[in-house]
Every structure is written in structure tokens, then in C-alpha cells.
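This is the structure in C-alpha cells:
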């Protein structure tokens, strides 16, 4: 979420977004003879982030997961990053949900709308961990939970 990966290799150094970093299942943008050396995160005041996942047992691969970061200033979300993982072969960057959040006041209703967008904008793949409909449902629920927790952290309201 708004992070950049720094990759070193014989040909030099390159920086890629996390959308570019995750290429496919178990495949990243790191090529032969290259090494991931840094993950750069922007630290800004009023920031909060959270990661929510559902798994069968502790330590299992997630059935579905959502990550969210929000930056709040004066009670308004000024920027947001929202993504899903484990629902398909790569991470899913939820641009429409981010657009909805920017300029809005944090609320459960807003986060529920973002969750609906997450469910609509992902293309889950059925596997041994769950069917498509279940993963789509989890995408929405987990997005709402991650946003709620991220906003609480940004506002220093988390217990």
C-alpha cells in the first residue's frame, strides 16, 4: 500500500511499485541475479494501517486477506491504500475503493461501501481453501474490518 520495492542487480538498481512487484502466484519482479534490498514506506502523520485475514488454522495460508492504510487530516481521509490478497493469483489493488475514501469522513457506512466495491472488483479463484463466492464475501467483510481498524489507529482510538 503505497510502498515501493528496491531491487539490486548486476544491471543496477530499480524501484517498482508493489502492484508491479507481485507478478503472479509465487512470482515477483525480482529477476535472476537480482535481490530485493528495501521496501520503502511513506510515514506521514495521521496514518493508520491494518491487515485482516481468514485462515482455517493459525499459520495456514489465508483463504482471503485485506490490507488498508488511511491518512486522516482534520477528520477527513486525505489518502488511502486498499488491497486484497489470497483471493486470486496476484494481489488486487482496489483503486475504486481508494477513490471513494479520499475526501470522505471515516464511518462504518463508508467502509461498508468500500467493502462492496472490494467484493465487486475482485476475481476470486476457487482452490482448496474455498470457493469463489466465499472468497468474494470475505473480500468485502475483511476490507471493511481493515479500514475500520486502520482509521481507528490513524485517529489513536484503538484500544
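Numbering (this note's numbering), first residue to last: 16 to 174.
The C-beta atom is built at its ideal place from N, Cα and C for all residues, glycine as well.
What do you reckon, are the CB atoms on residue 164 and residue 63 nearer than 9 Å?
-> yes
Assuming residue 83 and residue 96 form a contact by the criterion Cβ under 8 Å, report the distance between their Cβ atoms to the nearest whole angstrom.
-> Indeed they touch by this definition, with Cβ atoms about 7 Å apart.
So what's residue 122 in DSSP terms, helix, strand or just coil?
-> coil
Boundaries (first-last residue) of the beta strand (DSSP E) holding residue 29 | 27-32
If you draw a straight line from the C-alpha of residue 80 to the C-alpha of residue 118, how long is it?
-> The straight-line gap from Cα to Cα measures roughly 25 Å.
Sorted by chain position, which residues of the same chain lie with C-beta nearer than 6 Å to residue 100's C-beta, five sequence neighbours on each side aside?
-> 80 and 106
Verify whether the separation of the beta carbon atoms of residue 157 and residue 17 is less than 9 Å.
-> no
My understanding is that residue 167 touches residue 87, with C-beta atoms under 8 Å, so please give their C-beta distance in whole angstroms.
-> Between residue 87 and residue 167 the Cβ distance is about 10 Å, and since that is not below 8 Å, they are no contact.
Alpha-carbon spacing of residue 174 relative to residue 65, whole angstroms = Below a pLDDT of 50, predicted positions are generally treated as unreliable, and residue 174, at 45, falls in that range; no measurement from the model is reported.
CB-CB length for residue 20 against residue 28, believed under 8 Å | With a Cβ gap of about 11 Å, residue 20 and residue 28 do not count as contacting.
Give the DSSP-derived three-state secondary structure of residue 102 in the structure shown.
-> Assignment of residue 102 by DSSP, reduced to helix, strand and coil, places it in the coil class.
Own chain partners of residue 23 with C-beta closer than 6 Å, once the 5 adjacent residues on each side are dropped = 50 and 52
Roughly how many whole angstroms lie between the Cα atoms of residue 89 and residue 116?
-> 14 Å
List the DSSP bridge partners of residue 108.
-> 98
Integer Cβ distance of residue 44 from residue 35, believed to fall under 8 Å | 6 Å
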